[in-house]
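For reference, the structure is listed below as structure tokens.
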Amino acid sequence: MGSEAGFEYHWQLSMGDANKIDPKLISKVKAHETNPHIAPKLKPGYRIFVFEFKTNFILARMPFGPNTFMDSESFYAIVLELENSALDRCLLNAQALERLRNYWMTRDEIIRLVDEAIDFARQNAGCREVNWASLVVVGLEVRTAQQEGESNEAVMDRVIRAQYLVPLPYLPMTYSTVEYAPKIYDIRHYVMRNRLREKVDKIEGMCGICSRNMSLSIVVSKLPRCGHTFHSGCIYLWLEGCNRCPSCQTLLFNSHDLSLIAGCD
Numbered sequence: 002m003g004s005e006a007g008f009e010y011h012w013q014l015s016m017g018d019a020n021k022i023d024p025k026l027i028s029k030v031k032a033h034e035t036n037p038h039i040a041p042k043l044k045p046g047y048r049i050f051v052f053e054f055k056t057n058f059i060l061a062r063m064p065f066g067p068n069t070f071m072d073s074e075s076f077y078a079i080v081l082e083l084e085n086s087a088l089d090r091c092l093l094n095a096q097a098l099e100r101l102r103n104y105w106m107t108r109d110e111i112i113r114l115v116d117e118a119i120d121f122a123r124q125n126a127g128c129r130e131v132n133w134a135s136l137v138v139v140g141l142e143v144r145t146a147q148q149e150g151e152s153n154e155a156v157m158d159r160v161i162r163a164q165y166l167v168p169l170p171y172l173p174m175t176y177s178t179v180e181y182a183p184k185i186y187d188i189r190h191y192v193m194r195n196r197l198r199e200k201v202d203k204i205e206g207m208c209g210i211c212s213r214n215m216s217l218s219i220v221v222s223k224l225p226r227c228g229h230t231f232h233s234g235c236i237y238l239w240l241e242g243c244n245r246c247p248s249c250q251t252l253l254f255n256s257h258d259l260s261l262i263a264g265c266d
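In this note's numbering, the protein residues as written are 2 to 266.
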């Protein structure tokens, strides 16, 4: 179960086709190989493990109702085989941790998933002479389970889905399968400077962007200047195209402080 009642996690590990690894990841691998903190610890003849997390978000209705597919997403993590397998686990954990926390996985669940993934990779990956890297597919199912006495409306309000989470390109340690392509404003530096993601102890009302109710089980973001709160996925995409709060029109940043997409002003 998850960090609170009503969430379940199931995963399956398998070896994928290394020929289907996105070539853009090669540059990421090279960055790891030249990292002064990693290079001295590389195992002789080290292998490269590319983990592809493929997450399906499921709504499990009670009692014994059919499961409903709600959304999906995928992202990569890259681990170079080190002398000490514990360091491999640290590298994978560092890259996947923030997203797995968005799924409301507990610390123990995350550790177990990371341990199993590293053990599986080391036991099943081929040698470097066969492929430049080995692809390990982490098929993860995140279930929002309807609780006894919980209405259909209530469970729909707290169901986890990718569209409400912080967009993957904004997670600095995660390699997204989606290119960063904001509409007008490149807000990555704004997000980092202003700590847009904050813990919110109490949430009331609807998201002012998508008009759906917000709950404490959904990842939300609070704007620093005016304090209005929205689904993280909603407000990040909003700020890529508008520099004002959608609720009160407070100016959040000056366009000249950001990188503008070519052709926009």
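By construction, the Cβ of each residue, glycine as well, lies at the ideal position given by its N, Cα and C atoms.
Bear in mind that the values here come from a model prediction, so they are computed numbers and not experimental data.
Inter-residue distance for L98 and L238 is about 22 Å (C-alpha atoms, whole angstroms). Contact check for M207 against T145 fails: the beta carbons are separated by 9 Å or more.
Non-local beta-carbon contacts of T175 in its own chain, meaning distances under 8 Å to residues more than five positions away in sequence, involve F76, Y77, A78, Q96, A97, E99, R100, L169 in chain order. Checking the DSSP bridge columns, you'll see G140 partnered with Q13, K55.
With a threshold of 16 other beta carbon atoms within 10 Å, C235 meets it and is buried. In this structure, G7 places its C-beta atom within 9 Å of the C-beta atom of Q147. Of the residues N36, D109, L93, R102, the one whose Cα lies closest to the Cα of A122 is L93. Excluding the 5 residues flanking it on each side, D116 has same chain C-beta neighbours closer than 8 Å at R90, in chain order. Considering only A155, V138, H257, R213, the residue with the shortest C-alpha distance to Y191 is H257. Checking the DSSP bridge columns, you'll see T69 partnered with L60. The C-beta distance from L240 to L252 rounds to 12 Å, too long to fall under 8 Å, and the pair is not in contact. Closest by C-alpha distance to M106, out of P247, Y10, P45, is Y10. Assigned with DSSP and collapsed to three states, Y171 falls in helix. Contact between L136 and T56 does not hold, since the beta-carbon distance rounds to 16 Å and is not under 8 Å. A residue is called buried once 16 or more other Cβ atoms fall within 10 Å of its Cβ, and E74 is buried on that count. Note on geometry: alpha-carbon atoms of Y181 and K29 lie some 15 Å from one another.
Under the Cβ criterion (8 Å, minimum of three pairs), the segment 32-46 does not count as touching the segment 14-22.
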